[in-house]
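*Asks:*
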Amino acid sequence: MKCALVMTGGIAKGAFQAGVIKSFAENKIKPNVVVGASAGALNSGMISKLIAEGDFTPASVEEKIIKSWMFETSIFQLWGKGDISKKDTVRNIFGDIDTNPFMIIRRLSNLQIDIWQRVKILFSLSFFSVFNNDSLLRVLENIMQAPDEIMDDIICAVSLTDLFAQTENIKGQTINNYAEYVSFKFKKGENKDLKNRFKSLRTVVQASSCLPGMFPPVSLDLLNDGNKRLYVDGGITKNAPFGRAIKLDPEIQYIFLVATSPITKPIISEINNLPDIMGQIYEIVVTKDIANDYRKVVQINEKIKLLSKIVQRDKLGNVIDNQHNNDLCLLGGFKNIEDFLSKRCVEIIFIEPDKPLEGDPFAAMYRNDRRYLLDSYIKEGYEIGNRVLKEFNNRFTELSTKVNISA
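To convert a position in the sequence shown, counted from 1, into my numbering, add 24.
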């Protein structure tokens with residue numbers, strides 16, 4: 025049995041996924057493929073590191089992933105240090121001022137004489153974001169250092185949004201595509217060039233986590249054409265890339281999709297202020313494609329089942345490689361018989377909150393009770409993850425029992 029873990033974005037609510045990851049470790053279910061977008065990319069990178077170094081245990085998830093969410097997501101931590109020579113972020117504009125702008129009223133005495141020049145730059149909007157990437161990079165470097173040797177196989181993929189778009193030629197028509205994926209395959213026993221590969225993994229995770237306006241875009245040459253492009257939050261273009269998990273490993277049978285808000289249940293909640301409205305708009309943007317992507321997987325499953333019934337077979341039950349079967353496969357959307365035979369039906373299992381998590385997506389970064397919120401997200405993710413995974417394991421226990429009785 026092979027499974028994939030796909031994690032959506034959710035900003036600070038990505039802490040819910042940290043609890044789910046711990047439930048995977050406790051139930052001893054180790055994903056073969058991990059795919060993430062935005063906050064899910066951050067979690068994907070961290071879980072991939074633990075699997076690659078052979079340390080995917082509840083204790084390590086608690087120490088490396090959960091503690092990072094609890095102690096590093098504060099807006100005060102993200103303020104970090106600034107470089108006044110660079111004017112590309114609000115943080116750098118006020119680079120030599122230690123005072124956090126969210127505490128500025130308490131510490132007006134720290135303001136320097138040239139503050140009005142900086143305020144002028146601030147209101148000219150000639151910057152990319154509020155925060156720079158220093159704090160995020162520090163977290164990634166602390167957690168995602170390369171092991172000396174890969175102890176277990178793992179495939180990790182991250183979705184990105186290309187601000188400049190790439191053109192695709194689809195049957196003679198040129199179309200702009202803003203979605204991009206970067207994949208990393210680590211094989212057991214590898215020990216060469218791991219530092220550079222993990223550095224690249226940290227960089228693309230950083231890019232996928234760069235919510236526009238909050239963090240500056242990351243400049244990367246992913247096309248290897250000598251031209252660097254700007255990449256931001258992968259959740260904007262592909263927030264639940266479970267199709268990518270199937271492409272990365274055609275033997276995947278189960279995909280666990282971990283969302284930070286309910287996606288299979290009706291959502292009825294009050295909207296009382298601007299953060300509520302912005303939070304709801306964010307949810308709409310990042311979940312708009314999930315239904316269509318899920319529908320595609322279901323349709324492909326139905327085609328596989330139907331074709332399996334009607335293709336011509338020899339006396340031993342093997343599919344015959346002939347023109348009739350090739351034509352059927354083409355009608356079903358597959359390239360040829362070989363392509364059809366390489367596919368299998370995939371089940372998508374949703375792991376999501378029973379109801380919307382408390383607060384807007386940023387609440388656990390700025391509210392006075394942020395630690396309480398993060399703790400509640402993690403606990404809920406852990407409890408729901410355990411519930412879903414126990415039901416999943418019970419299905420195979422029952423199946424195994426039936427097989428043994430029949431035998």
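Virtual Cβ for every residue (Gly too), placed ideally from N, Cα, C.
Tell me, which residues are paired with Met31 by DSSP?
*Replies:* Met31 pairs with Gly60 and Val282.
*Asks:* For Tyr390, which residues of its own chain have a beta-carbon under 6 Å away from its beta-carbon, when the five flanking residues on both sides are left out?
*Replies:* Correct list, in chain order: Ile99.
*Asks:* Decide if Phe40 is buried, meaning its Cβ has at least 16 other Cβ atoms within 10 Å, or exposed.
*Replies:* The residue in question, Phe40, is buried, as its Cβ has 16 or more Cβ neighbours within 10 Å.
*Asks:* Assuming Asp257 and Ser224 are in contact, meaning their beta carbons sit under 8 Å apart, how far apart are those beta carbons, in whole angstroms?
*Replies:* Wrong, their Cβ atoms sit about 18 Å apart, outside the cutoff.
*Asks:* Our contact map puts Asp176 next to Lys212 with C-beta atoms below 8 Å; I'd like the distance itself, whole angstroms only.
*Replies:* Yes, Asp176 and Lys212 are in contact; Cβ-Cβ is about 6 Å, under 8 Å.
*Asks:* Around the Cβ of Met70, are there at least 16 other Cβ atoms within 10 angstroms (buried) or fewer (exposed)?
*Replies:* Buried.
*Asks:* Should the segment 186-196 be called in touch with the segment 159-167, which here means at least 3 C-beta pairs below 8 Å?
*Replies:* Result no; under three Cβ-Cβ pairs closer than 8 Å.
*Asks:* Looking at C-beta atoms only, is the number of pairs between the segment 321-334 and the segment 368-380 that lie closer than 8 Å three or more?
*Replies:* Segments in contact, yes.
*Asks:* Taking 9 Å as the cut-off, decide whether the C-beta atoms of Glu407 and Ser47 are in contact.
*Replies:* Yes, Cβ-Cβ distance for Glu407 and Ser47 is below 9 Å.
*Asks:* Compare the C-alpha of Lys379 against each of Val59, Thr284 and Leu246 and name the closest.
*Replies:* Closest option to Lys379, Cα to Cα, is Thr284.
*Asks:* Does the segment 336-348 touch the segment 239-252, meaning 3 or more C-beta pairs lie closer than 8 Å?
*Replies:* Output reads no: the segment 336-348 does not touch the segment 239-252.
*Asks:* Whole angstroms is fine: what's the gap from Phe108's alpha carbon to Pro236's?
*Replies:* Per the sequence presented here, residue 108 reads as Ile, with Phe not at that position. So the alpha carbons of these two residues sit roughly 21 Å apart.
*Asks:* Would Gly60 pass as a contact of Val229 if the rule is Cβ separation under 9 Å?
*Replies:* A contact, by the Cβ cut-off of 9 Å.
*Asks:* DSSP has Gln197 in a bridge; who is on the other side?
*Replies:* Paired residue(s): Ile194.
*Asks:* Does the Cβ-Cβ distance between Lys91 and Leu381 come in under 9 Å?
*Replies:* The answer is no: Cβ separation not under 9 Å.
*Asks:* Within a Cβ cutoff of 7 Å, which residues of the same chain sit near Val8, ignoring the five residues on either side of it in sequence?
*Replies:* Past the edges of the chain, shown from 25 to 431, lies residue 8, and the structure says nothing about it.
*Asks:* Is the CB of Gln347 under 9 Å away from at least one CB in chain C?
*Replies:* Looking at the structure shown, chain C is missing, and only one protein chain is on hand.
*Asks:* Run through the DSSP bridge pairs and tell me what Ser243 is partnered with.
*Replies:* DSSP output for Ser243 lists Leu254 as bridge partner(s).
*Asks:* List the residues that DSSP assigns as beta-bridge partners of Val206.
*Replies:* In the DSSP output, where bridge partners are listed per residue, Val206 has Val182.
*Asks:* By DSSP's criteria, Val343 is part of a beta bridge. Which residues make up the other side?
*Replies:* Per DSSP, Arg337.
*Asks:* So the alpha helix (DSSP H) Phe48 belongs to, where does it begin and stop?
*Replies:* Counting along the chain, the alpha helix (DSSP H) containing Phe48 begins and ends at Ala39 to Glu50.
*Asks:* For the beta strand (DSSP E) that contains Ile375, what are its first and last residues?
*Replies:* Unbroken beta strand (DSSP E) run through Ile375: Glu371 to Ile375.
*Asks:* With DSSP as the reference, label Pro299 as helix, strand or coil.
*Replies:* Three-state DSSP puts Pro299 in a helix.
*Asks:* If you measure between the beta carbons of Val58 and Ile178, is that distance less than 9 Å?
*Replies:* Their beta carbons are under 9 Å apart, which means Val58 touches Ile178 by this criterion.
*Asks:* Beta carbon of Leu331: closer than 8 Å to some heavy atom of the ligand COA?
*Replies:* What this structure holds is no ligand at all, so the ligand COA is not there to describe.
*Asks:* State the beta-bridge partners of Thr113 as determined by DSSP.
*Replies:* According to DSSP, which records beta bridges pairwise, Thr113 is partnered with Ser153.
*Asks:* Tell me where the alpha helix (DSSP H) around Gln101 begins and ends.
*Replies:* Ile99 to Trp103 is the extent of the alpha helix (DSSP H) around Gln101.
*Asks:* Could you tell me the alpha carbon to alpha carbon distance between Ile402 and Ile45, rounded to whole angstroms?
*Replies:* Roughly 10 Å between the two C-alpha positions.
*Asks:* Spatial neighbours of Asn263 within its chain, please: C-beta separation below 6 Å, excluding the five flanking residues on both sides.
*Replies:* Hits under 6 Å: Thr32, Gly33, Ala61 and Val310.
*Asks:* Which of the three DSSP states, helix, strand or coil, is assigned to Phe20?
*Replies:* In this structure the chain extends from 25 to 431, so residue 20 is not present and cannot be described.
*Asks:* Does the beta-carbon of Leu132 have 16 or more other beta-carbons within 10 angstroms, so that it is buried, or is it exposed?
*Replies:* With a pLDDT of only 47 at Leu132, under 50, the local geometry of the prediction cannot be trusted, and the value read off the model is given with reservation. When all chains shown are included, Leu132 counts as exposed.
*Asks:* Between the C-alpha atoms of Arg319 and Leu272, what's the straight-line distance to the nearest angstrom?
*Replies:* The alpha-carbon atoms of Arg319 and Leu272 are separated by roughly 19 Å.
*Asks:* Going by DSSP in three states, Pro385 sits in which element: helix, strand or coil?
*Replies:* It is coil, neither helix nor strand.
*Asks:* Considering only DSSP beta bridges, list what Leu69 is partnered with.
*Replies:* Note that residue 69 is Gly in the sequence shown, not Leu. Looking at the DSSP assignment, Gly69 forms no beta bridge with any residue, so it has no partner.
*Asks:* Mind checking who Gly213 pairs with in its DSSP beta bridge?
*Replies:* Answer is none; Gly213 lacks a bridge partner.
*Asks:* Have a look at Ile75 and Ser148 and give me their C-alpha separation to the nearest angstrom.
*Replies:* About 46 Å.
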